[in-house]
Amino acid sequence: MTTLPDRPNTALLVIDVQNDVVAGAHDRDRVVATIAVLVGKARAAGAPVVWVQHSGEQLPQGSDGWQFVPELSRDESEPLVPKRYADAFEETDLEEVLAGLRVGRLIVSGAQTDECIRSTLHGAVVRGYDATLVSDAHTTEDQSEWGAPPPGLVIAHTNLYWHHHTAPGRTAGTAPADAVDFSASAPSR
């Protein structure tokens, strides 16, 4: 149960599913399709969908590469959180957005697994949120030429350690997209 008072709601975070971010991502099409299903599921349940969009030197704001992938469409009523750091909470208004929506539990999807997904998961838990990683709705590119494991192993390892992550008064865990429940209950284990 979240340690944030009066935060009964659950939100879906869609992190950095942008053209250049996922262009070379592992299993890109399947992951994007799974995220699209999650977006529909959240909307049908009346759960907020919060879109996070990275920009930086390699990803200039307004460029084609900075745009969300065409397979996903953000409703204009859904919050958009621009960011410049891996942790979507760092120097953004994400916390204010979530507080306004009375959200204490996050369902996390997107890219890149080994950077923005991991950083945001940890950022959420240290700030008092419950955080469920959708095990089949995050991806990363192959960085093995720089010493990283192949992307499939990066994703599997992240799922493994987040499934068992704990913190006082907060829940973490993983769930496949078909088991995600947008009610305020604790995540599936």
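Numbering-wise (UniProt numbering), the sequence shown opens with residue 1 and increments by one.
Quick reminder that beta carbons are idealized off the backbone N, C-alpha and C, glycines included.
With fewer than 16 other Cβ atoms inside 10 Å of its own Cβ, A23 counts as exposed. The three-state secondary structure of G152, taken from DSSP, is helix.
A Cβ-Cβ distance of about 6 Å is found for the pair N19 and Q67, placing them in contact under the 8 Å criterion. A distance below 6 Å between beta-carbons, with the five flanking residues on each side excluded, links H165 to the following residues of its chain, in chain order: A172. DSSP places D136 in the strand class (E or B) of the three-state scheme. With fewer than 16 other Cβ atoms from the protein chains shown falling within 10 Å of its own Cβ, E91 counts as exposed. As the crow flies, the alpha-carbon of M1 is around 8 Å from that of Y129.
Straight across, the Cα-Cα distance linking G123 with A11 is about 15 Å. As a beta-bridge residue in DSSP terms, G56 pairs with L59. Between T158 and I117, the gap from beta carbon to beta carbon is short of 8 Å. Per DSSP, S119 lies in no beta strand (DSSP E); the unbroken alpha helix (DSSP H) holding it starts and ends at R118 to V126.
Contact annotation, V103 with P48: C-beta distance approximately 6 Å; criterion of less than 8 Å satisfied.
The three-state secondary structure of S77, taken from DSSP, is coil. If you draw a 10 Å sphere on the C-beta of E141, you find 16 or more other C-beta atoms in it, and that means buried. Just measuring C-alpha positions, the residue of A88, T113, S77 and E76 sitting nearest G152 is T113.
Remark: C-beta atoms of T132 and A111 do not approach each other more closely than 8 Å.
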